[in-house]
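Have a look at the structure below before the remarks.
In my numbering, the protein residues as written are 5 to 544.
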């Protein structure tokens, strides 16, 4: 039993000792199925606070020869699998936390040498007489042991990308580390001594320098989670169970912390859910482990459309993003899409793989992003928020002319890069125009299923504001009439879907005329099942 080779199970025991533990041993079922195959090279990337280290510690506790973990895993999901004992504590495991090595090395240039010597010293104790006294590479150590005694290894590397991220400008360190990874995992020889390789960190592999070193790995990321989706992060079913146990309002937890769309799962941030269940306080827990200051330089980069994209996302809209060009190189970010893709990997944005769109996943992240934006006092943001507040006030006052003027102003002065060519473009403008509503309303629901169709936008007030703010149902039309939009809301009974959420409802019909380039707005009030027309009805 060593620190890095064949470690004990104490790190995973800490997780099991915690008041709140969610069983993620289903991951072991998958890793067992790929042992000693070409799929046994796994890189699982996730943001901070998504249980990366818990998973790495669990793998080490299950596979390591340095401990007896049968009692620890009994009763967990993996114990019910037929091959549970087949792989339990049967392997030589090397478990490395690169962040720890970086923090405890006197010189960053010596990190790879520090890792190599630390592991090599323990291997000499376990396999005396197999390795030479002089220093050799770690990959050479593993190759010799396999050749002499026939033993293959499971290698687990936590925070594998910390040198890629934190030392992005240090070419010397990066080259040493990449060569270390290449020697460990790439080529024919590593297949002889690697039983399983599991890397976890924040960034995926796809980078020009690391690609050649690790292109034999299967990647699971926030862009494409694959089979890993339910194993890191809490699923909706798991959060519902926790809310029942700890008597928390599930809908409120969902509003604050859900929204990472991975495959067919709505994944929640584990740290945040555990914190709110334990403490009962709904707030942003993000800053406890990751400061927004880290992203401020990126969202302030001078790329065309970046600031408008951030504003649009903060308003609750989803925007298209090309994730393919990002090389994981934070020193040489090239475009708006690179910035947005990086924010997805960091967890500040969610990603819809099917639609290829980015969005703010929940209230916690919206607050963090808003703080990051406001910390640099964007002139565009300050002015835009003022205009948006005026627009919301005009809507609530049912001042149709002011709404028309407000939308026109926001369109021409602040979102001029959005070209009107169809109803979808109009909806993008409307989404960001009502940015200020996010203080009082939940994230707007786009195309909410209603009585007999789909409403374009539905704004539901937060519980603390329901007595003062009506729900808003907004229908958009293109080259038609605002009256047509209102009529559709009534005929298709869009109001039925929100009656359980609030008392008063405002029906807002908006049309854009391509020829005149003018907006038209009509607003009606729905109250006690009766429709009240605004005080000064106008000809449609």
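Built from N, CA and C at the ideal position, the CB exists for glycine as well.
Beta-carbon proximity list for residue 348, same chain, < 8 Å, skipping 5 on both sides: Counting from 1 along the chain shown, the entry for residue 348 is found at position 344. So the qualifying residues of the chain are 226, 227, 325, 327, 354, 355 and 362.
Counted within 10 angstroms of its Cβ, other Cβ atoms place residue 385 as buried (16 or more) or exposed: The residue given as residue 385 occupies position 381 in the chain shown. Counting Cβ neighbours within 10 Å, residue 385 comes out buried, since at least 16 surround it.
Top-ranked residue by Cα proximity to residue 437, from 135, 392 and 359: Here residue 437 is taken as the residue at index 433 of the chain shown, counted from 1. The shortest C-alpha separation from residue 437 is found at 392.
Inter-residue Cα distance where the pair is residue 541 and residue 527: Position 537 of the chain shown holds residue 541. Position 523 of the chain shown holds residue 527. Residue placement at residue 541 is poorly supported in this model, since its pLDDT is 41, which falls under 50; the coordinates still yield a value, given next. Distance between residue 541 and residue 527, taken at the CA atoms: about 9 Å.
Chain-order list of residues whose beta-carbon lies under 8 Å from that of residue 17 (same chain, five-residue window excluded): Locating residue 17 in the chain shown gives position 13, where the first residue counts as 1. Excluding positions up to five away in sequence, the list reads 65 and 76.
Within the stretch 451 to 520, ranges of the beta strand (DSSP E) (whole runs, at least 3 residues): 458 to 463, 475 to 482 and 509 to 517
N-terminal and C-terminal residue of the beta strand (DSSP E) that residue 45 is part of: Counting from 1 along the chain shown, the entry for residue 45 is found at position 41. Here the beta strand (DSSP E) through residue 45 covers 45 to 49.
Spatial distance of residue 30 from residue 82 (CA atoms): As a first step, residue 30 must be located in the chain shown, where it is residue number 26. As a first step, residue 82 must be located in the chain shown, where it is residue number 78. Straight-line Cα distance between these residues: approximately 6 Å.
According to DSSP, residues forming a beta bridge with residue 270: As a first step, residue 270 is located in the chain shown; it is residue number 266 there, counting from the start. According to DSSP, residue 270 bridges with 265.
For residue 77, three-class secondary structure by DSSP: Looking up residue 77 in the chain shown gives position 73. Looking at residue 77 - three-state DSSP - the assignment turns out to be helix.
Alpha carbon of residue 373 to alpha carbon of residue 94, nearest angstrom: Reading the chain shown from its first residue, position 369 is the one you call residue 373. Reading the chain shown from its first residue, position 90 is the one you call residue 94. Taking the straight line joining both Cα atoms gives about 46 Å.
For residue 199, the first and last residue of its enclosing alpha helix (DSSP H): Locating residue 199 in the chain shown gives position 195, counting from the first residue. First-last for residue 199: 198 to 205, but that is the beta strand (DSSP E), not the alpha helix (DSSP H).
Bounding residues of the alpha helix (DSSP H) (the contiguous stretch that carries residue 241): For the purposes of this step, residue 241 is identified with residue 237 of the chain shown, where counting begins at 1. From DSSP, the alpha helix (DSSP H) with residue 241 extends over 240 to 250.
Touch test, the stretch 100 to 114 against the stretch 156 to 163, Cβ-Cβ under 8 Å, three pairs minimum: yes
Contacting residues, own chain, Cβ-Cβ under 8 Å from residue 176 (five flanking each side not counted): Counting from one through the chain shown, the residue named residue 176 turns up at place 172. Once the five neighbours on either side are set aside, the close Cβ partners of residue 176 are 113.
Assigned secondary structure, residue 438 (DSSP; H/G/I helix, E/B strand, else coil): Residue mapping note: residue 438 aligns to position 434 of the chain shown, counting from 1. Three-state DSSP puts residue 438 in coil, outside helix and strand.
Reduced DSSP category for residue 563 - H, G, I as helix; E, B as strand; rest coil: This structure does not reach residue 563, given that the chain is present from 5 up to 544, and the question cannot be answered.
DSSP bridge partner residues for residue 523 (one or two, in chain order): If you number the chain shown from 1, residue 523 lands on position 519. Answer by DSSP bridge pairing, in chain order: 516.
Among 279, 184, 147 and 97, the one whose alpha carbon lies nearest that of residue 22: Here residue 22 is taken as the residue at index 18 of the chain shown, counted from 1. It is 279.
Cut-off 7 Å between Cβ atoms - residues of its own chain near residue 150, not counting five sequence neighbours on either side: Counting from 1 along the chain shown, the entry for residue 150 is found at position 146. Excluding sequence neighbours, residue 150 sits near 156, 196 and 197.
Residue 72, DSSP secondary structure in three states: Residue numbering aside, residue 72 sits at position 68 when the chain shown is read from its first letter. Residue state, collapsed to three classes: coil.
Cutoff 7 Å; reference residue 4; Cβ partners in own chain excluding five residues on either side: What is shown of the chain runs 5 to 544, which leaves residue 4 out entirely.
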